[in-house]
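Reading the sequence shown from the start, the letters are residues 0 to 356 in numbering that gives the first Met the number 0.
We treat Cβ as the ideally placed atom computed from N, Cα and C, and that holds for glycine.
Notes to accompany the following structure.
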Amino acid sequence: MLEIEQITSDDFKNQWNEFALSQQTKESFGSFAGSFFQSWEWGEFQVLLGRPILRLAVRDEDKKIIALASFIHYSLPFGKAQIYAPRGPILRQDLWNTKKSQEIFLAILEAIKTARVENNSIFLRTEPSLTAQPDFFKKAGFQPFADDVQPRENQILDLKKSEEELLSEMHPSARHNIRLAKKRGVIIRELTQKSENDQKIFFDLMKKTLQRQRFRSQPKQYYNLMLDFFQRRGENQNRQSVKIAFFEAIWNGKTVAANIVFLFGSHATYLFGGSDLAFSGIKAPILLHWESMLRLKKDGYLSYDLGGISRQKWPGLTDFKTRFGGQTIKLIGSYDFVFSPFWYYIYKYGRRLKRSL
0 MLEIEQITSD
10 DFKNQWNEFA
20 LSQQTKESFG
30 SFAGSFFQSW
40 EWGEFQVLLG
50 RPILRLAVRD
60 EDKKIIALAS
70 FIHYSLPFGK
80 AQIYAPRGPI
90 LRQDLWNTKK
100 SQEIFLAILE
110 AIKTARVENN
120 SIFLRTEPSL
130 TAQPDFFKKA
140 GFQPFADDVQ
150 PRENQILDLK
160 KSEEELLSEM
170 HPSARHNIRL
180 AKKRGVIIRE
190 LTQKSENDQK
200 IFFDLMKKTL
210 QRQRFRSQPK
220 QYYNLMLDFF
230 QRRGENQNRQ
240 SVKIAFFEAI
250 WNGKTVAANI
260 VFLFGSHATY
270 LFGGSDLAFS
280 GIKAPILLHW
290 ESMLRLKKDG
300 YLSYDLGGIS
310 RQKWPGLTDF
320 KTRFGGQTIK
330 LIGSYDFVFS
340 PFWYYIYKYG
350 RRLKRSL
């Protein structure tokens, strides 16, 4: 019989991250299985933002952990809420699409149904790190949700390959632009300590980029809290803790591009970045990613996730990322389990109405 345990003590942190990291696989370069979005630290960061979290551990008959899930509580209008598991739950790899995986999901659902009484949640959104939908999903009542929170497709590079192999797998224009950026004097550096001015420059660059790409930006305070939180957490900690690496491209003494890369275990994930379009001719962003990869590779990281792509939604961004080569991994996307059909209908109607305005 499965045992569900609600985790509230910080003493469980190492055990939590150890299990998450143990599910990172070579086949997927480990970027999704055991994602930092399901790490202990990402949950702590959500609490700092004022979002309650629910951590559940599933144990088998031998009391061994076979699954973990970190759920974030998001407030909705009218006093309602949603529960969301980014890149989760995490199951032991050999259990996916077995009878045991169905038992695990049903047990988690029962635990959440009890917890939701306290927070009035109308649905659960899950984004498991899977490339194929489990057979039991539909039967269990999960329904696909078209607007994924995390990207469904990501472009990932295998840093176990040599520098020469990585270059050879790039599009010729990518190699050309890397050489061009170097020739024009672009310098890449990693900041281990970030000042308020560094954070302001980063936010301004990212805001310009998001506006160009028509992406929604978080408030400035979100990024300041994130940089401060993970900078402190990253000091003197091993790879079982989430850290961030902050890289910037300098040209003629001016920061023209900057990236934030999350590090968890042996895997690196580019999450936020920005560049100044006025300096597009010097090709700083492509050199910034390339030099970041090489430095992380030297430090022993095994993969570099360039983040989300979509030919339909973001053709320009997708073209930029895929020119690095690597592998495109496509996941199943978001699935919702509805607790309140009426309020779920109101939620979806409100989203459609907001988009039409």
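- Taking C-alpha positions only, Gly315 is separated from Tyr83 by approximately 29 angstroms.
- With contacts defined by Cβ atoms closer than 9 angstroms, Tyr334 and Phe136 form a contacting pair.
- Annotated three-state conformation of His170 is coil, per DSSP.
- If you look at Gln198, you'll find it in the alpha helix (DSSP H) that goes Glu195 to Gln212.
- Relative to the Cα of Ile3, the nearest Cα in the group Lys12, Arg54 and Leu48 belongs to Arg54.
- When secondary structure is reduced to three states using DSSP, Ala145 falls in the coil class, being assigned neither helix nor strand.
- Taking C-beta atoms as the reference points, His288 and Asn251 fail to come closer than 9 angstroms.
- Look at Gln45 here: in three-state DSSP terms it is helix.
- In the three-state DSSP reduction, Asn258 falls in the strand class (E or B).
- Counting along the chain, the unbroken beta strand (DSSP E) around Ser333 starts and ends at Ser333 to Val337.
- The straight-line gap separating the alpha-carbon atoms of Leu276 and Leu204 is approximately 9 angstroms.
- Counted as a single uninterrupted DSSP element, the stretch harbouring Glu290 is not any beta strand (DSSP E) but the alpha helix (DSSP H) occupying residues Ala283 to Lys297.
- When secondary structure is reduced to three states using DSSP, Thr130 falls in the coil class, being assigned neither helix nor strand.
- Straight-line measurement puts the Cα of Glu290 at about 21 angstroms from the Cα of Ile308.
- Taking the Cα positions, Lys182 is about 10 angstroms away from Asn176.
- In terms of Cβ geometry, Glu126 and Arg86 form a close pair [threshold 9 angstroms].
- With contacts defined as CB atoms closer than 9 angstroms, Pro76 and Ile107 fail to qualify as a contacting pair.
- As the crow flies, the alpha-carbon of Phe278 is around 12 angstroms from that of Gly184.
- Around the beta carbon of Gly42, 16 or more other beta carbons sit within 10 angstroms, so the residue counts as buried.
- Rounded to the nearest angstrom, the Cβ distance from Ser265 to Leu301 is 4 angstroms, consistent with a contact under 8 angstroms.
- Going by C-alpha positions, Leu90 is about 31 angstroms away from Arg294.
- In terms of Cβ geometry, Ile71 and Ile103 do not form a close pair [threshold 9 angstroms].
- Straight-line measurement puts the Cα of Thr327 at about 20 angstroms from the Cα of Gly272.
- The criterion of a C-beta distance shorter than 9 angstroms is satisfied by Ser69 and Ser38.
- Between the alpha carbons of Asn196 and Lys353 lies a gap of roughly 35 angstroms.
- Excluding five sequence positions before and after Thr321, the CB atoms of its chain that fall closer than 8 angstroms to its own CB belong to Gln154, His170, Ile308 and Thr327, given in chain order.
- Apart from the 5 residues on each side of it in sequence, Phe202 sits with its Cβ closer than 7 angstroms to the Cβ of Lys219 and Tyr222 in its chain, given in chain order.
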